[in-house]
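Enquirer: First to last, the protein sequences are chains A and B. Using our numbering, count along the first sequence one by one with no gaps and you end on 944. Using our numbering, count along the second sequence one by one with no gaps and you end on 776. Using N, Cα and C, we set each Cβ at its ideal position, and we do this for glycine too.
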Amino acid sequence: MLINLQANENPFLPPENVMEAAKKGLKNINRYSELEYLNELKQLLADYNDISPQRITLSPGSDFLLRDIINTFSENRKIITINPSFFSISHQTLKFANKLIKIQLVPQNFILKPELILYELDNPTLIIIDNPNNPTGAVLLDENLIENILQSPNALLLIDEAYFEFSKQTFAGLIEQYPNLAILRTMDKAFSLAGLRLGYLLAGDFFKNKFLDFPKFLPTPTLFAGIEALKNPEYVFENVEKIIAEREKVKEKLHELNIEVFPSKGNFLLIKSNAPDFEQKMVGKGILIRSLSEEWLSDFYRVSIGLPKENDAFLLAISLPHKMKG
Amino acid sequence: MKKVGLIVNPVAGMGGSVGLKGTDGEMYKKAIELGATPITPQRVEDALSLIKRKELYFIVAPDQMGEKYIKKFNFKYEAISKIEGTTSAGDTERIAREMLKKGVDLLIFVGGDGTARDICNAIGFKVPVVAIPSGVKMFSPVFALSPYAAAEMINSFEDRFIEKEVLDIDEDAFRENRLAAELYGYLKVPKSTTLLQGKKESSNVTQSEEHVKEEIADYLIENLDKDTLYILGPGTTLNTIALKMQIEKTLLGIDAVYNGRSVGKDLNEKGLLALIKKHNKVQVIVTPIGGNGFIFGRGSTQFTPEVLRLIGSENIIIIAAEDKISKLESLRVDTGNIDIDKSLSGFKKVITGYKKETIIEVKC
Chain A
619 MLINLQANEN PFLPPENVME AAKKGLKNIN RYSELEYLNE LKQLLADYND
669 ISPQRITLSP GSDFLLRDII NTFSENRKII TINPSFFSIS HQTLKFANKL
719 IKIQLVPQNF ILKPELILYE LDNPTLIIID NPNNPTGAVL LDENLIENIL
769 QSPNALLLID EAYFEFSKQT FAGLIEQYPN LAILRTMDKA FSLAGLRLGY
819 LLAGDFFKNK FLDFPKFLPT PTLFAGIEAL KNPEYVFENV EKIIAEREKV
869 KEKLHELNIE VFPSKGNFLL IKSNAPDFEQ KMVGKGILIR SLSEEWLSDF
919 YRVSIGLPKE NDAFLLAISL PHKMKG
Chain B
413 MKKVGLIVNP VAGMGGSVGL KGTDGEMYKK AIELGATPIT PQRVEDALSL
463 IKRKELYFIV APDQMGEKYI KKFNFKYEAI SKIEGTTSAG DTERIAREML
513 KKGVDLLIFV GGDGTARDIC NAIGFKVPVV AIPSGVKMFS PVFALSPYAA
563 AEMINSFEDR FIEKEVLDID EDAFRENRLA AELYGYLKVP KSTTLLQGKK
613 ESSNVTQSEE HVKEEIADYL IENLDKDTLY ILGPGTTLNT IALKMQIEKT
663 LLGIDAVYNG RSVGKDLNEK GLLALIKKHN KVQVIVTPIG GNGFIFGRGS
713 TQFTPEVLRL IGSENIIIIA AEDKISKLES LRVDTGNIDI DKSLSGFKKV
763 ITGYKKETII EVKC
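1) Taking only runs that begin and end inside the segment 637 to 723 of chain B, name each unbroken alpha helix (DSSP H) of 4 or more residues, in chain order.
2) Throw me the rounded Cβ distance for the V542 of chain B and F470 of chain B pair, which I believe falls under 8 angstroms.
3) Which word fits Y560 of chain B, buried or exposed, when buried means at least 16 other C-beta atoms lie within 10 angstroms of its C-beta?
4) For the beta strand (DSSP E) containing I471 of chain B, list its first residue and its last residue.
5) Candidates A:L712, A:D917, A:P732 and A:G844: which alpha carbon is nearest S651 of chain A's?
6) W914 of chain A and P702 of chain A - do their beta-carbons sit closer together than 8 angstroms?
7) By how many angstroms is the C-alpha of S461 of chain B removed from the C-alpha of G502 of chain B?
8) Determine whether the beta carbon atoms of L632 of chain B and I653 of chain B lie at a separation below 8 angstroms.
9) Just verifying my parser: in three-state terms, what is the DSSP assignment at D525 of chain B?
10) How would you label I750 of chain B, buried or exposed, when you count the other beta carbons within 10 angstroms and need 16 or more for buried?
11) Under the DSSP definition of a beta bridge, which residues are partnered with L718 of chain A?
12) For the segment 722 to 744 of chain B, which residues have a beta carbon sitting closer than 9 angstroms to at least one beta carbon of chain A?
13) Please name the residue or residues paired with I936 of chain A in a DSSP beta bridge.
14) Quick check: is the beta carbon of Y670 of chain B nearer than 8 angstroms to any beta carbon in chain A?
15) List the residues of chain A that I771 of chain B touches, going by C-beta distances under 8 angstroms, in chain order.
16) Per DSSP, which residues does L909 of chain A bridge with? Please list them.
17) Just to confirm before moving on: does the CB-CB distance between P678 of chain A and P839 of chain A stay below 8 angstroms?
18) Any beta-carbon of chain D closer than 8 angstroms to the one on A561 of chain B?
19) Residues bridged to V762 of chain B by DSSP?
20) Would you call the CB atoms of M477 of chain B and V539 of chain B closer than 8 angstroms?
21) Mind checking whether V757 of chain A and N749 of chain A have CB atoms under 8 angstroms apart?
22) Are the segment 647 to 667 of chain A and the segment 864 to 882 of chain A touching, with three or more C-beta to C-beta distances below 8 angstroms?
23) Check V601 of chain B in the structure and name its three-state DSSP category.
24) Does the beta-carbon distance from I793 of chain A to L820 of chain A come in below 8 angstroms?
25) Pick out whichever of A:D895, A:E897, A:Y781 and A:N667 has its Cα sitting closest to the Cα of G791 of chain A.
26) Beta-carbon separation of I745 of chain A and A773 of chain A under 8 angstroms?
27) Would you call the segment 508 to 527 of chain B in contact with the segment 561 to 580 of chain B, where contact means no fewer than 3 C-beta pairs closer than 8 angstroms?
28) Ignore the nearest five residues each way along the sequence and tell me which others in F682 of chain A's own chain have a CB closer than 8 angstroms to its CB.
29) Closer than 8 angstroms, Cβ to any Cβ of chain B: which residues of the segment 866 to 900 of chain A, in chain order?
30) Would the segment 448 to 465 of chain B count as touching the segment 488 to 495 of chain B if we require 3 or more Cβ pairs under 8 angstroms?
31) Which residues, in chain order, does the segment 646 to 680 of chain B contribute to contact with chain A at a C-beta distance below 7 angstroms?
32) Straight-line CA distance for E852 of chain A to R815 of chain A?
33) How about L468 of chain B: is its C-beta nearer than 8 angstroms to some C-beta of chain A?
34) Hey, could you find the ends of the alpha helix (DSSP H) L861 of chain A is sitting in?
35) Spell out whether any CB of chain B is found under 8 angstroms from the CB atom of P629 of chain A.
36) Which word fits F704 of chain A, buried or exposed, when buried means at least 16 other C-beta atoms lie within 10 angstroms of its C-beta?
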């Protein structure tokens, strides 16, 4: 049985009451989800984020919101994003966008130079950045840079805060002030609901107005589990603290083993290994990690934080000499 | 049944341990005198031991160029050709051509940059290769990262290939601690796909290398200015551009175009300077060479500091497929003139596809 540390999932199941709520949602699957429950979920998310429910758009997965935003706003705009990141920006979209510019992040610090974005704001631009960044774990944005971007009439800024519960940093407080800001969120990660897919958007006025007529359905198991989770979110905070503590423990141990590892604000760590075929060798030892050599630099790997015993198994595997898997 | 050729350069890599930086020409004899022992047998056998694919039929070079190693395993094979006395570059080329005639689907070779050049001379793009690294100099991106990676390619190759550069350095210069890498050509290698991708985060649909080149070429051509001299550096992406512009291009040389007409082929420094001085607006289009991202100073030494000074850093257009550029921490320049290198440094945009650009730092 392989230990899966490659998808940044939460290793903890949600509590029983949340799973029961999902099951309850199965009872009416011949019906569309009811507006009453959709509004209840929105209100709970509004309370959770201290924002008006009118600014919230629900979606079965934040990637669909991202796709809708790109489709809706890319026409005659430049899109600026960063590499590495896992936004899927389709070829189709580029038919309408002026162009797609990626900014290459590099070690040691993965710093996003503000001027590289600010210089581009001479014409309409949609900027898409995840903060903290997946897979580096680096925090790329600060309030100063964001306000500089948002003050440009040419800029639309979409921040993906999928790992916000782990980084504890959000720019949701700027939504009221800036119509050109939107923030993507998900309940896949900290809320342990990856299998149900629940994403949402916190939208500044400009985004909100264009999103008013989007369909607002969610699968009922997802909807009911989301409501139940937000009614009693204490498990989220407890699990997040456990994962952060494990992350720091793993990081320390990797340091001791002389393995290059980078600071992370997510539920994962970025590591570097020059060992040839490192990913395959780890598979040989029963551990799945994510190689980044396909889309980014070779020798870099992302390891999700799992249960304590899974993390220990990973540390043991990485500390043993690598033998060729025949 | 796939027919696979195997050619081993038995002396490759011997110079390394005795500090000779290569065994091209007669240098291997000196390596033996200095007590060097062959390192290729281990490399070949490592790779062969990891080949699990059943339906392979090997066509191998004789004796220490192939048969000696394969007969320790249970593969179906036939040995072809003959070698007399010590092996040479000529043997590698000749046997590679014979394998081509035998209709191999893939050619495995073991050696270093010099061996890659010999194979490139013999077969070009006609069949794909898997290159097992065993040299002292292995600057060519054509080499697999390890015998394991090579075996993985052999186990899984079907019909998707990408081209990789064959670079070689001047060994005499290298022995004097000067690095002068030149681009010698291209070979096709199997495109290896990571078998264990994450469940959700699939990267964007991968496009064929040829398609990406066409995209870059289309985008670039749409944005060309009139009355501007365009100087095209070496490389197959530049070749695609030339093809679309319906002009002839030398693959490894530097050519020039003005208002859709070819105005210079395989230009050296003198030729470049003369052309540049004749035109008001000049732009250079280049692509990074090799896995290390050099845009100037490797592979195209005709772009001398003087040529680059006249052109000006603001007139340089960099193009490269996205999957090449995304694997680099930076682009590099090393022209031999620090002032020119500094003027070329900083954050630059690279055209990576149709309406696609990547911003990356150029360092010196």
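Expert: In short, the structure shows the following:
1) 648 to 656, 681 to 690 and 717 to 723
2) Not confirmed; about 13 angstroms, so no contact.
3) buried
4) L468 to V472
5) A:G844
6) yes
7) 28 angstroms
8) yes
9) helix
10) exposed
11) A:I697 and B:K768
12) E734, D735, I737, S738, K739, L740, E741 and S742
13) Per DSSP, none; premise fails for I936 of chain A.
14) no
15) I719, K720, I721, Q722 and L734
16) First, the amino acid is wrong: residue 909 of chain A is Ser here, not Leu. A:Y919.
17) no
18) The displayed structure is made up of protein chains A and B, and chain D is not among them.
19) B:I730 and B:T770
20) no
21) yes
22) no
23) strand
24) yes
25) A:N667
26) yes
27) yes
28) G817
29) P894, D895, E897 and Q898
30) no
31) none
32) 20 angstroms
33) no
34) Note that residue 861 of chain A is Ile in the sequence shown, not Leu. Element bounds for I861 of chain A: E852 to E874.
35) no
36) buried
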